[in-house]
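Taking it in order: structure first as structure tokens, then the write-up.
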Amino acid sequence: MPSGRVYCLEVGRCVTWDETLRPGWRHLAAVRRGGRLELFADGELIAQSSASEAAVHGISNDRPLRIGRGPHDCFNGRIRDVRIQRRALSASEVRDLIS
Numbered sequence: 001m002p003s004g005r006v007y008c009l010e011v012g013r014c015v016t017w018d019e020t021l022r023p024g025w026r027h028l029a030a031v032r033r034g035g036r037l038e039l040f041a042d043g044e045l046i047a048q049s050s051a052s053e054a055a056v057h058g059i060s061n062d063r064p065l066r067i068g069r070g071p072h073d074c075f076n077g078r079i080r081d082v083r084i085q086r087r088a089l090s091a092s093e094v095r096d097l098i099s
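When we follow the working numbering, the leftmost residue of the sequence shown carries the number 1, and every step to the right adds one.
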């Protein structure tokens, strides 16, 4: 995001990292593991949400998935690759994605 803030949001959960990312290409990954959201930058765990019960909100719908959109602005840059996995990746698997 223009502010450098990185966040992952799921109905009922949110995790943020308020440090400014250094310029250049960055590898960002968000993982939902049990009742927690984990946020990775360049293969390193940078933030995680507190543990919570599984979301009681229904997230099945016909609305589009939005990547790079914040509550007040949109990402102004390029996204080279997007992957959605069927399972939660381990920290080492996230690190392997950046090589």
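Built from N, CA and C at the ideal position, the CB exists for glycine as well.
Reduced DSSP category for residue i - H, G, I as helix; E, B as strand; rest coil
i, result
"Val-31", "strand"
"Glu-19", "coil"
"Leu-89", "coil"
"Arg-80", "coil"
"Arg-36", "strand"
"His-72", "coil"
Beta carbon proximity, residue i to chain C, threshold 8 angstroms
i, result
"Thr-20", "Reference to chain C is not applicable here, since this structure consists of a single protein chain."
Cutoff 6 angstroms; reference residue i; Cβ partners in own chain excluding five residues on either side
i, result
"Ser-99", "none"
"Glu-19", "none"
Spatial neighbours of residue i in its chain, beta-carbon cut-off 7 angstroms, leaving aside the 5 residues before and after
i, result
"Gly-43", "His-27, Val-94, Arg-95 and Ile-98"
"Cys-74", "Gly-68"
Residue span of the beta strand (DSSP E) that contains residue i, given as start and end
i, result
"Leu-65", "It is not in any beta strand (DSSP E) - Leu-65 carries neither H nor E in the DSSP assignment."
"Ile-46", "44–48"
Proximal residues to residue i (C-beta, below 8 angstroms), its chain only, five neighbours per side dropped
i, result
"Ala-30", "Cys-8, Val-15, Leu-37, Glu-38, Leu-39 and Phe-40"
"Gln-48", "Val-15, Arg-36, Leu-37, Glu-38 and Leu-39"
"Asp-81", "none"
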